[in-house]
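Here's the structure, in C-alpha cells; my notes come after.
Residue numbers (the numbering used here): 218 to 568.
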C-alpha cells in the first residue's frame, strides 16, 4: 500500500469532538489553511520586535508541543513558531493522504512561502530532521541556519530498539498493534514512549507527565491517529531507499546553511554513531554531543541546546540579542563532550 493512497478516515464533519490541545503559558495557537493542508501553528510572542524568525519541526508521533521548552528558552533570541505536521498534533490529515518525507517537506515550504518569514532558523527533530534537511537542500533561500536534533537519516545498521517503530511502516502492523494494545492505559503508553525517547525518564516532572497523558488521551480519540503514524513511518522508510539526487544523505551534502547537529548518547532510535557521519556530510557543520541525552535532547536539556544555538549563530556572524549562555557539552566539527543540568516538562513525545 503506497503512502500516497487516500487514508480511510471519516469526513471532517463527522469526526468525534475531542478535548482541545494544550496551550502553554505564553503560547498561542492558530490555524493556517494552505493548498491541500491545514496546519496548526504554535508560537510565542518574541521578547522584542525585529528578532530573526525561527521554525520548529517535530518528529514521528510528536507535535509542536515537543518544542515548547526550547521555544521558551529562545524567546529572547528568535521569533519562533512550531508546526504540527499534517495528521499530527492539532493539524488534520492532508487532503491527499500523502505522508511521505517529500510531502511533509512540501508542507513546510508552503507554510514558509505563504508566511513570507524566510529565511528562518530551521529546527528539526528525528523525522522533522529528515524533513528539514530536504527543505534546506531544495530551498536554500528559505533557511538561514539548520539545527538538527537526532535527525532520522538513513542507517545501515538500525538499533534493535528502533525496529518496532520501523515495523509500523508495514501494511497491517498498525492495526495489529492497535488491537494488541487496546487495553493499555494512556499512562502506560506515555511511560513506554518516555522510556524510549528520554535518556533519563526521571527528568520528566509530574506535571509534564500528566500533560503528556492528557495529550495521549486526546490523540487516541482521533480516528486517523494510527493511520498518520503508519503512513509517516512508511514514508520515512521509503525515503531511506531512494537513490540519486533524492537520497537524504546526498541532499545533506547539498545543504548550504550552517548546520548545528545535536546527538544524544542514550538515543534508542537514532544511532549515536551517526553523529560523526553527519558532521562529515553537512558541509558547514558543528556537532554537539550529549552523552546522557536520549532522542529528544531539546526536551531533556533545553538550556544546553539553547546555549549551543546561541554560540553557534554568534560564531557564524548571525545576530540574536539573547547573548551567549554557558554550554554544558562539547561542540566542534567532530568532537564529543558531556552535558549535565537542564530539564523539561514532557508533553507528547515521539520518534
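Beta carbons: idealized from backbone N, C-alpha and C, even for Gly.
Can you give the Cα-Cα distance for residue i and residue j, rounded to whole angstroms?
{"i": "residue 279", "j": "residue 308", "result": "12 angstroms"}
{"i": "residue 547", "j": "residue 507", "result": "Residue confidence for residue 547 is low, a pLDDT of 40 falling below 50, so the modelled location carries little weight and cannot support an answer."}
{"i": "residue 313", "j": "residue 295", "result": "33 angstroms"}
{"i": "residue 524", "j": "residue 290", "result": "9 angstroms"}
{"i": "residue 475", "j": "residue 267", "result": "21 angstroms"}
{"i": "residue 496", "j": "residue 448", "result": "29 angstroms"}
{"i": "residue 235", "j": "residue 455", "result": "32 angstroms"}
{"i": "residue 502", "j": "residue 347", "result": "16 angstroms"}
{"i": "residue 401", "j": "residue 316", "result": "27 angstroms"}
{"i": "residue 238", "j": "residue 254", "result": "19 angstroms"}
{"i": "residue 360", "j": "residue 419", "result": "35 angstroms"}
{"i": "residue 435", "j": "residue 310", "result": "16 angstroms"}
{"i": "residue 416", "j": "residue 481", "result": "8 angstroms"}
{"i": "residue 521", "j": "residue 472", "result": "25 angstroms"}
{"i": "residue 352", "j": "residue 298", "result": "16 angstroms"}
{"i": "residue 404", "j": "residue 258", "result": "27 angstroms"}
{"i": "residue 414", "j": "residue 423", "result": "17 angstroms"}
{"i": "residue 459", "j": "residue 264", "result": "42 angstroms"}
{"i": "residue 412", "j": "residue 283", "result": "16 angstroms"}
{"i": "residue 355", "j": "residue 461", "result": "14 angstroms"}
{"i": "residue 323", "j": "residue 269", "result": "22 angstroms"}
Any idea what DSSP makes of residue i, helix, strand or coil?
{"i": "residue 313", "result": "coil"}
{"i": "residue 373", "result": "coil"}
{"i": "residue 540", "result": "Legend: pLDDT at residue 540 = 38, less than 50; position of this residue unreliable, value from coordinates given subsequently. Residue state, collapsed to three classes: coil."}
{"i": "residue 295", "result": "coil"}
{"i": "residue 486", "result": "coil"}
{"i": "residue 330", "result": "helix"}
{"i": "residue 207", "result": "Here the chain has residues from 218 to 568 only, and residue 207 is not among them."}
{"i": "residue 524", "result": "helix"}
{"i": "residue 340", "result": "strand"}
{"i": "residue 302", "result": "coil"}
{"i": "residue 507", "result": "strand"}
{"i": "residue 361", "result": "strand"}
Can you round the beta-carbon distance between residue i and residue j to whole angstroms, since I take them to be within the 8 angstroms contact cut?
{"i": "residue 261", "j": "residue 250", "result": "The Cβ separation is near 22 angstroms, so there is no contact."}
{"i": "residue 535", "j": "residue 362", "result": "7 angstroms"}
{"i": "residue 445", "j": "residue 328", "result": "That pair is no contact at about 18 angstroms."}
{"i": "residue 302", "j": "residue 450", "result": "At roughly 13 angstroms, the Cβ-Cβ gap does not stay under 8 angstroms, so residue 302 and residue 450 are not in contact."}
{"i": "residue 430", "j": "residue 410", "result": "That pair is no contact at about 11 angstroms."}
{"i": "residue 285", "j": "residue 241", "result": "5 angstroms"}
{"i": "residue 519", "j": "residue 287", "result": "5 angstroms"}
Segment contact, 8 angstroms Cβ cut-off, at least three pairs: the segment 338–345 with the segment 260–275: yes
Whole runs of the beta strand (DSSP E) within the segment 390–468, excluding any shorter than 3 residues: none
Meets three-Cβ-pair contact criterion under 8 angstroms: the segment 355–373 and the segment 450–468: The segment 355–373 is in contact with the segment 450–468.
Stretch-stretch touch, CB-based, cutoff 8 angstroms, three pairs: the segment 507–519 with the segment 480–495: yes
Beta strand (DSSP E) runs wholly inside the segment 244–275, at least 3 long, in chain order: 245–251, 254–260, 270–274
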